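Engineer: Taken in order, the sequence shown gives residues 968 to 1042; the numbers are from the numbering used here. From the three backbone atoms N, C-alpha and C, an ideal C-beta is built for every residue, glycine too. Quick caveat, the model's predicted, so the values are computed rather than measured. Input: one structure, supplied below.
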Amino acid sequence: LSGGTDGEDGPTDAAGAFADVEVRQAAMEKGLDPGHYLRQHNSYPFFEQTGGLLKTGPTHTNVMDLRVMLIDKNT
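Here it is as C-alpha cells:
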C-alpha cells in the first residue's frame, strides 16, 4: 500500500495504490508489464487497469504519505 493521507497523489484522483494477489492476477490476465509503467514513472494506468487504485476523495488532512508492505515468508 502506498498512499497520501490527504487523499490525493499529485495531480490524480487517487490517494495511491495497493498491490495484492488480485492485482497481480489481473495484470497477468491482461498481459501488463508493471516494469514498463515503473520505467515511465506512471503507475496510475497500471493500477487503474488492475483495480489497485486507492480512491478516498479529499480527506482535508495531511499527515504525510504512508507506505505499508507485508511479506509472506512462505511465498
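Between the Cα of proline 978 and the Cα atoms of Asn1009, Gly1019 and Gly1018, which residue gives the shortest distance?
Structural biologist: Comparing Cα positions, the closest option is Asn1009.
Engineer: How big is the Cα-Cα spacing for methionine 974 and histidine 1003?
Structural biologist: In the sequence as displayed, the identity of residue 974 is glycine instead of methionine. Near 26 Å, if we compare the C-alpha coordinates of histidine 1003 and glycine 974.
Engineer: Closest to lysine 997 by CA distance: which of Phe1013, Leu968, Pro1025 and Leu1021 is it?
Structural biologist: Comparing Cα positions, the closest option is Phe1013.
Engineer: In chain order, which continuous runs of the alpha helix (DSSP H) of length 4 or greater are located wholly inside the region 975 to 1016?
Structural biologist: Fully enclosed alpha helix (DSSP H) runs of 4 or longer: 988 to 997 and 1001 to 1006.
Engineer: Just verifying my parser: in three-state terms, what is the DSSP assignment at leucine 1021?
Structural biologist: Leucine 1021 falls in the strand class under three-state DSSP.
Engineer: Starting from the C-beta of aspartate 980, find all residues in its chain whose C-beta is less than 7 Å away, skip the five residues before and the five after it, and write them out in chain order.
Structural biologist: Around aspartate 980: Lys1022.
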